[in-house]
Amino acid sequence: MKRILLLGGVTEALAIARTLDPQHIYSLAGVGRVPTDLRCQVRVGGYGGAEGLAQFIRDEGVDLLLDATHPYAAQISQNAATAAQQTGIPCWALRRPAWQPQPGDDWREVSDWAELIDALKPFRRPLFTLGREPLQHLDEIPAEQFWTLRALDVYPGNERCEVIGARGPFVLEDERALFERRQIDVLISKNSGSTATEPK
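Numbering-wise, my numbering comes out as the position in the sequence shown, counting from 1, plus 115.
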């Protein structure tokens, strides 16, 4: 019987994990909640790169690797492909399509943090939904801006930033209320293509 190692990170991964029998393994990086209602085994934590993942595959007798990691977790996807090649097993990757702009949308794509900060100059109340990444830049907040950061967990902010903890799926009406309550004038998000976070 084949043994599956499912690398999670997206909402769809949990749906797949709910179908797995006890001999299979659902692996999470450790960010967010760990489900306790699954029949399959659950592993939390990293592998130490492609070599460590390949060794785990060998040690556990894994026959199929399913990569359902977050679209922006490029390193683990690269490690998964490398480990599968090293161990001679197939690696299937779940890739969901990115969101597409709709009529009336005003999207601006940036390639790095410096470009983002420059694009934010005309705005006063940005909402960041990038996880913990903006926490590294709290000392860079312009005096005329107040940032709201939404992450899986609450972290300390400062006098120019508040961090709120929230987990999707999000409802459009609640998102509108958040924007009104906090007077948000721009949203900063990664285009992950998730239906769970699309209302933002």
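In this text, a Cβ means the ideal position worked out from N, Cα and C, and glycines have one as well.
Check                                                                                          : Outcome
Own chain residues within Cβ distance below 6 Å of Thr263, not counting five before or after   : Leu242, Glu277 and Arg297
Given 8 Å, three or more beta-carbon pairs between the stretch 229–242 and the stretch 203–212 : no
Under 8 Å between C-beta atoms of Gly145 and Ala132                                            : no
Leu121 to Pro271 span [Cα, whole Å]                                                            : 33 Å
Beta-carbon separation (whole angstroms), Arg275 vs Gln260, contact threshold 8 Å              : 7 Å
Inter-residue CB distance, Arg265 and Val177 (contact presumed, cutoff 8 Å)                    : At roughly 35 Å, the Cβ-Cβ gap does not stay under 8 Å, so Arg265 and Val177 are not in contact.
Local conformation of Pro314 per DSSP, three classes                                           : With a pLDDT of 47 at Pro314, under the threshold of 50, the modelled position of that residue is not reliable, and the figure given next carries that caveat. In the structure shown, Pro314 sits in coil (DSSP, three-state: anything other than H, G, I, E or B).
Continuous beta strand (DSSP E) stretch holding Phe243: start and end                          : Pro241 to Thr244
Per DSSP, cross-strand counterpart(s) of Gln217                                                : In the DSSP output, where bridge partners are listed per residue, Gln217 has none listed.
Exposure of Thr312, with buried meaning 16 or more beta-carbon neighbours within 10 Å          : Any reading at Thr312 must be qualified, since the residue scores a pLDDT of 48, below 50, and its modelled position is unreliable; the value itself is stated next. That one is buried.
Nearest-angstrom Cα separation, counted from His252 out to Ala165                              : 30 Å
Distance between Trp207 and Ala128 (C-alpha atoms, nearest Å)                                  : 12 Å
Cβ-Cβ distance between Pro205 and Leu179 below 8 Å                                             : yes
Inter-residue spacing [alpha-carbon to alpha-carbon] between Thr64 and Ile140                  : Coverage of the chain is limited to positions 116 through 315, which leaves residue 64 absent and any answer about it impossible.
Same chain, Cβ closer than 8 Å to Trp222, neighbours up to 5 away in sequence not counted      : Pro216
Arg154 to Ala130 span [Cα, whole Å]                                                            : 12 Å
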